[in-house]
Amino acid sequence: MSHLNHLNLRLQGKNHTVADMYEAIEAFRSKLHLLKRNIHGRKLHFPRLREHCEKNKMQEDPAMKDFVSRLAENLKERFESSPNLSADILLFVKQPFSVSADGQRTAETKKLVPSIDEAALQMEILEMGTSDLLKAQHKDALEENKIIELSPTPCNDKAVEKLSKLALTYINEDRTMGYKFALNRISNVHLHAQGPAGNVYYLLLDVLETKCHVWSPKPWKRCDVRPFMETQISGNCNTTILHTAEGYSYLYSYDCTLAPDPPEKLQQTCPACPLLLPVDSPQAVHAAGLTLHKFNTQSTLPSSLALQNLTRASAQSGPMPATLVEYTVQECREGYVGMCVPTDKSGDPAGFCKGAVYGAIGQPDVDVSCEIFHPQGIDVFHDMTPPRPPTMPEVPIFVPKVPIIIPSYPTAPPPLLEEPQPQPFDPNVLVNPTFISPNPPIPNPNPSSSSESQESQETPVSPGVPDSSSEELGAGVARPPFSFRYRPLRRRRQALVTAKPPHTPVFLAEFPSSPSPFRSCPGPSRYTTV
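The numbers in my numbering rise by one with no breaks, and the one at position 113 of the sequence shown is 346.
As structure tokens, then:
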């Protein structure tokens, strides 16, 4: 069955020439002849069948033998009308400028297509072979319509699962309107391996809408999925992601299509559940104004909030009439009290509110809660200067001049203590080491010595201080301070200059839609849907 699945994949999709499809069919036909002979003999290509026959002491399995025979007959009937193309014709389809216009090739073409003019065909082949314009156009067409072989990948692959979560994170960060999506399952995966350029994954992801707005700082994994009773919204995202050879992942493109559950399905299960309303309906706009007015009157923020965009609205008729709204808000100017109109509704929202209006229109019961994305009046993208206490003026302090009398006591001779011996690592000894020469200097008996030597001999030397450096005397060197760090001079690293251009990945213009041959696709659902 794997050979048949491989044939189906090679025949499906676009960017396949007639020569490629013909070669795939001929290759499968040759494989069937080999399988028919092999199933009667060693069963080299049927390892499970060979174990089954050895276990049951059978020479061959009639069911499998009949299956292979019927498959060969069906293939013959299906492609019975296909002509037998020679290697020259297949070469002409792939590389038309490589074929010469001799009589043998054109004669074979005449047999396949009797209505063709063989003499005119030879002239056209010669003219085409000498046209630089046609060669350039053919080269560009080959680059644009380059055959891309996609490899189906299991949906439960660990790398695919990580890339799917990462891709959904990128999608939620890129979107500016609506609600965050949560990953429900992986439906299909196609892999296009491109060597040094990396791997391109085409992921078909089933997603569900959450209750978190896209501007909420909460990650989508911690957001609650909207339940069925609130009209669940679900769909899928065609996601293309590049994973480079260096280990980096990039979201190339995504296309998400979501739709709410039909109200008929919801009413069959929950007749009293609220149904969706148009966000621009008067009922929804009135409920949003009531709930926002209540929040502004009870809020302790320095400025009021203004309605920016209604994102969702629903209403229920029983057991108690209610209108539920969700909307984004913007800040009014500081100090403004009451309802204001935002000057630019396309700007970034300051928060997200959920409100409900219960009961009759005359005396409604209003409930509202808002999530402020960042504190008002504070720039969260820059460091805040901590407040400093006010500086107080310096007050001079007067100290009275009172004589201090120190009592005198009879002095006693201090106790005799042994002089401490310096330790090997005593800092005082290391900083000022005492040098004792084993051979004391001998007075120079020569009276004709220079004056400099006499001065050096006559100059008294204080004990503990050498008259030469420690390097000249060959003694120990003092320890450097604790803050000392030896830093050798290093040159900055330079980027390697390579003449080889970087590898550019190739992406499909259309998202692949062929079904996956793996049983793991589609994957298991993470959430329960109706």
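Where is the CB? At the ideal position from N, CA and C, for every residue including glycine.
Which residue's Cα is closest to the Cα of residue i: the options?
i	options	result
L424	D390, R459 and F585	D390
M553	N542, G592 and A520	G592
T386	P755, L282, T762 and Y760	P755
A478	K451, A426, S749 and F461	A426
Y434	P757, S758, F744 and T762	F744
F585	R262, W448, G522 and Y485	W448
L436	F461, P452 and L399	L399
L741	P748, L366, Y485 and H476	Y485
L304	K343, S263, T524 and E293	S263
F751	R281, S602 and S384	S384
L354	A555, T339 and P347	T339
L438	L268, L475 and I419	I419
I605	A415, T342, K451 and P735	K451
E453	Y483, Y403 and T490	Note that residue 453 is Trp in the sequence shown here, rather than Glu. For W453, the nearest C-alpha among the options comes from Y403.
V601	H607, K587, G595 and I594	K587
N471	C489, P515 and T342	C489
T556	E306, K344, K269 and V599	V599
P757	N271, L367, E394 and K527	E394
S747	V574, P738 and E382	E382
T761	L367, F461, A257 and K269	F461
Q596	E564, C603 and A520	A520
P515	L499, A548, Q531 and I349	A548
Would residue i and residue j qualify as a contact pair, given that the criterion is a beta-carbon distance under 7 Å?
i	j	result
R459	K444	yes
A517	L543	yes
R759	N421	no
V562	A546	no
L523	L540	no
L509	T464	yes
G431	L475	yes
M297	L282	yes
S753	C388	yes
Please classify residue i: is it buried, with 16 or more other beta-carbons within 10 angstroms of its beta-carbon, or exposed?
i	result
S682	With a pLDDT of 42 at S682, under the threshold of 50, the modelled position of this residue cannot be trusted; read the value that follows with caution. S682 should be labelled exposed.
S537	buried
P582	buried
N529	buried
P507	buried
C503	exposed
F300	exposed
S364	exposed
Q765	No information on residue 765 is available, as it lies outside the stretch 234 to 763 that the chain covers here.
I466	buried
I358	buried
A352	exposed
Y412	buried
D659	Low confidence applies here, because D659 scores a pLDDT of 48, under 50, leaving its location unreliable and the question unanswered by this model.
Y560	buried
N289	exposed
N665	Confidence is the limiting factor: at N665 the pLDDT is only 47, short of 50, which leaves the residue's position unreliable, though a coordinate-based value still follows. Classification for N665: exposed.
T473	buried
Does DSSP classify residue i as helix, strand or coil?
i	result
K343	helix
T761	coil
S747	coil
A520	helix
C754	coil
T464	coil
V590	strand
D350	coil
I404	helix
S263	helix
R545	strand
I258	helix
E479	coil
P824	Outside the shown range of the chain (234 to 763) lies residue 824, about which nothing can therefore be said.
H423	strand
E442	strand
K391	helix
D494	coil
E382	coil
T363	coil
T533	coil
G428	helix
R270	helix
F300	helix
D409	Note that residue 409 is Thr in the sequence shown here, rather than Asp. Looking at T409 - three-state DSSP - the assignment turns out to be coil, as it is neither helix nor strand.
F528	helix
Counting Cβ pairs closer than 8 Å, one from the region 488 to 503 and one from the region 534 to 553, do we hit at least three? no
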